[in-house]
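To keep things clear, I will list the structure first and then write my remarks on it.
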Amino acid sequence: METPYPIPISPSRTRVGWIGIGIMGEAMAGHVLSAGYSLTVYVRTPSKASSLVSRGAHLATSPQELAQRSDVVFTMVGNPHDVRQIVLEKNGLLSGLNPGAVIVDTTSSSPPLAREIFSSCRAKGCWSVDAPVSGGDTGARDAKLAIFPAGDREVVQWLTPLFNLMGRATYMGEAGCGQACKIGNQIIVGANLLGLSEGFVFAEKAGLDVRKFMEAVRGGAAGSMAMEIWGDRVIGRDFRPGGFSEYMVKDLGMGVDVVEEEDDKRVAALPGAALSKQLYSAMVANGDGKLGSQALITVVERINGK
């Protein structure tokens with residue numbers, strides 16, 4: 008059998024596997040399927056894959072079986088623990104991966120784990136790419152995700168046809184750099200959503216029409232992509248998740264608490280991110296961890312007695 012990499016990717020010969028078909032994963036996998044690729048999916052509850060199966064996707068009974076049937080395997084799961092279990096533990100992806108095959112982890116996970124997976128794959132003659140994404144449910148549906156792939160540059164370039172189905176990829180560097188980019192992304196998102204939330208609460212208490220307030224300031228320095236994506240949702244109390252607030256605790260924690268994972272010069276002091284993490288942790292404590300990240304305003308409102 009010829010190794011999949013570096014034979015060019017094409018729908019006629021590249022078999023794609025997918026683990027993680029939640030809010031974003033299902034849409035991302037659907038784009039691959041729509042482009043004509045053979046798609047195999049693994050889910051613990053097969054009925055959750057019914058939509059993809061009805062469109063031609065195949066089901067695997069384990070991560071190991073999925074790896075055996077795939078040239079490129081994408082993962083989009085909840086947290087680093089899930090990634091480690093699915094990839095590295097007994098009967099995981101690495102145990103079934105064919106020589107030359109590639110794991111692409113789009114989960115927001117930790118840089119040290121990404122480097123560990125890369126080393127483990129190389130020891131077996133395989134490859135891994137950490138490629139977390141940003142853009143939420145809307146970006147996933149519209150194939151407009153920002154993708155942050157890292158690892159071997161040539162392997163990332165080889166994956167371009169698949170990345171182009173989901174959004175725009177920017178190569179970030181060696182293994183782990185993709186995850187570091189996503190953590191930085193979330194630090195900025197958290198700060199923007201906190202500013203948006205406090206601005207709206209202040210405007211309301213000052214007696215302003217909050218929607219008119221947003222329209223007045225969005226064209227100036229206060230405008231932001233966070234306001235464009237979430238402003239109307241926040242005002243309309245639409246807290247449906249594009250990404251769960253509890254995941255913001257995880258993502259921000261990987262930046263704030265990185266000293267716990269690696270004692271080197273990669274550590275930075277991040278007071279704003281620490282505050283954002285604390286506020287999102289309060290959301291989880293309030294039972295709102297499954298709301299969208301734009302629901303951060305609910306914590307600011309509680310502090311103000313609303």
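Residue 176 in my numbering sits at position 169 of the sequence shown; the count goes up by one each step and never skips.
All residues carry an ideal CB built from backbone N, CA and C; glycine is no exception.
Bear in mind that the values here come from a model prediction, so they are computed numbers and not experimental data.
Which value, in whole angstroms, describes the spacing of the CA atoms of residue i and residue j?
i	j	result
Ile110	Trp134	6 Å
Gly294	Pro18	44 Å
Gly183	Met173	21 Å
Ser69	Ser141	28 Å
Gly202	Gln285	15 Å
Gln71	Pro168	25 Å
Ala56	Asp245	26 Å
Thr82	Gly180	20 Å
Ile236	Ala108	36 Å
Gly299	Gly250	6 Å
Glu308	Ser204	9 Å
Ala223	Ile26	44 Å
Glu267	Ala157	The predicted model places Glu267 with a pLDDT of 49, which falls under 50 and marks its position as unreliable; any figure quoted below should be read in that light. Those two C-alpha atoms are separated by around 23 Å.
Leu303	Gly132	44 Å
Ser45	Ala64	7 Å
Val80	Gly29	16 Å
Lys97	Val217	53 Å
Pro13	Met31	28 Å
Val163	Val208	44 Å
Tyr287	Val84	20 Å
Thr113	Thr10	23 Å
Arg129	Lys313	54 Å
Asp78	Tyr178	21 Å
Gly226	Gly238	13 Å
Pro15	Lys189	28 Å
With a cut-off of 8 Å on the beta carbons, I'd call residue i and residue j a contact; round off their distance for me.
i	j	result
Val306	Ala281	With 8 Å as the limit, Val306 and Ala281 do not qualify as a contact, their Cβ atoms being about 15 Å apart.
Gly24	Arg76	7 Å
Ser116	Val90	5 Å
Phe220	Ala228	15 Å between Cβ atoms; not a contact.
Leu95	Leu104	The pair is not a contact, with the Cβ atoms about 11 Å apart (cut-off 8 Å).
Ala138	Phe155	6 Å
Gly279	Ala198	5 Å
Arg240	Gln301	5 Å
Val291	Ser252	7 Å
Ala153	Arg175	6 Å
On the DSSP letters alone, give me the boundaries of the alpha helix (DSSP H) that residue i sits inside.
i	result
Asp239	232-242
Ser116	Counting along the chain, Ser116 falls outside any alpha helix (DSSP H), and DSSP gives it neither H nor E.
Val274	Neither: Val274 is in no alpha helix (DSSP H) and is coded neither H nor E.
Asp295	No alpha helix (DSSP H) contains Asp295, which DSSP labels as neither H nor E.
Ile320	Lying outside 8 to 313, the shown extent of the chain, residue 320 is not represented and no answer is given.
Ala36	32-41
Gln301	Unbroken run through Gln301: none, as it is neither H nor E.
Ala147	143-148
Leu73	70-75
Ser61	57-61
Gly99	Looking at the DSSP string, Gly99 is not in any alpha helix (DSSP H), and its letter there is neither H nor E.
Please report the residue range of the beta strand (DSSP E) in which residue i lies.
i	result
Gly24	22-26
Ser45	45-49
Phe251	Unbroken run through Phe251: none, as it is neither H nor E.
Ile304	No beta strand (DSSP E) contains Ile304, which is instead part of the alpha helix (DSSP H) from 304-310.
Thr82	79-82
Ser135	134-137
Pick out whichever of the options has its Cα sitting closest to the Cα of residue i.
i	options	result
Val136	Gly32, Leu59, Tyr49, Trp165	Trp165
Arg51	Val60, Asn192, Val39, Ala67	Ala67
Arg2	Gln71, Ala36, Gly85	There is simply no residue 2 to check, as the chain begins at 8 and stops at 313 in what is shown.
Gly191	Pro13, Lys257, Gln301, Met234	Lys257
Gly47	Leu59, Lys55, Ser54	Note that residue 47 corresponds to Thr in the displayed sequence, not to Gly. Checking every option, the nearest Cα to that of Thr47 belongs to Leu59.
Met234	Leu215, Gly206, Gly250	Gly206
Arg22	Gly29, Ile30, Met31, Gly43	Gly43
Pro118	Lys97, His88, Leu104, Gly107	His88
Lys297	Ala213, Pro248, Ala275, Pro13	Pro248
Tyr49	Gly214, Leu200, Gly99	Gly99
Val196	Met255, Ile310, Ile14, Ser288	Met255
Ala213	Asn311, Ala147, Val39, Gly243	Asn311
Leu120	Gly243, Gln92, Ile16	Gln92
Thr145	Ala130, Ser288, Ala34	Ala34
Asn171	Asp159, Lys151, Lys189	Lys151
Arg148	Cys188, His38, Tyr178, Lys313	His38
Ile242	Leu200, Ser283, Gly226	Leu200
Asn86	Ser54, Leu277, Val274, Gln186	Gln186
Using a Cβ cut-off of 8 Å (strictly closer), state whether residue i contacts chain D.
i	result
Gly132	This model lacks chain D altogether, as it is built from one protein chain only.
>> Which runs of the beta strand (DSSP E) at least 3 residues long sit entirely within the region 153-238? Give them in chain order.
In response: 174-176
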